[in-house]
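Student: As numbered in numbering that gives the first Met the number 0, residues 0 to 80 make up the sequence shown, in order.
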Amino acid sequence: MKVEFDEDVCIGMYQCVAEWSEFEKDTSKGKAVLNDSEEVEDGLFVREVPEGSELDAKFAARTCPVDAIKIYDDDGEQLIP
0 MKVEFDEDVC IGMYQCVAEW SEFEKDTSKG KAVLNDSEEV EDGLFVREVP
50 EGSELDAKFA ARTCPVDAIK IYDDDGEQLI P
């Protein structure tokens, strides 16, 4: 499973931070940060979801009010949103 985070879409509500410890607040930018992620395009960050963290990652994606977080299964099919 992988998570994709679009920093440009993020509006800094930080609900993801409350749901999954892999997100942190960046108050200087007013955006969340996805830890240990790779920037694959300008402002688009991707990382694998560690085993055992799948539920937390899904909750983080579901709580994002602007759908800046997407979850994909191992086959590349988008699960959330």
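Every residue, glycine too, gets a C-beta built ideally from N, C-alpha and C. The model shown is predicted, which means the values in this text are computed figures rather than measured ones.
(1) Which of the three DSSP states, helix, strand or coil, is assigned to Val2?
(2) Glu76: buried (16+ other C-beta within 10 angstroms of its C-beta) or exposed?
(3) What residue range does the beta strand (DSSP E) around Asp25 cover?
(4) For a test of the three-state rule: what should DSSP assign to Val16, helix, strand or coil?
(5) Would you decide whether Ile10 is buried or exposed? Buried here means 16 or more other CB atoms lie within 10 Å of its CB.
Tutor: On the basis of the data shown:
(1) Counting from 1 along the sequence shown, the entry for residue 2 is found at position 3. It is a strand residue.
(2) Along the sequence shown, read from residue 1 onward, the residue named residue 76 stands at position 77. Under this definition Glu76 is an exposed residue.
(3) The residue labelled residue 25 in the question sits at position 26 within the sequence shown. That run of the beta strand (DSSP E) goes Phe22 to Asp25.
(4) Position 17 of the sequence shown holds residue 16. Correct three-state label for Val16: helix.
(5) Residue 10 sits at position 11 when you count from the first residue of the sequence shown. By the C-beta density criterion, Ile10 is exposed, having fewer than 16 other C-beta atoms within 10 angstroms.
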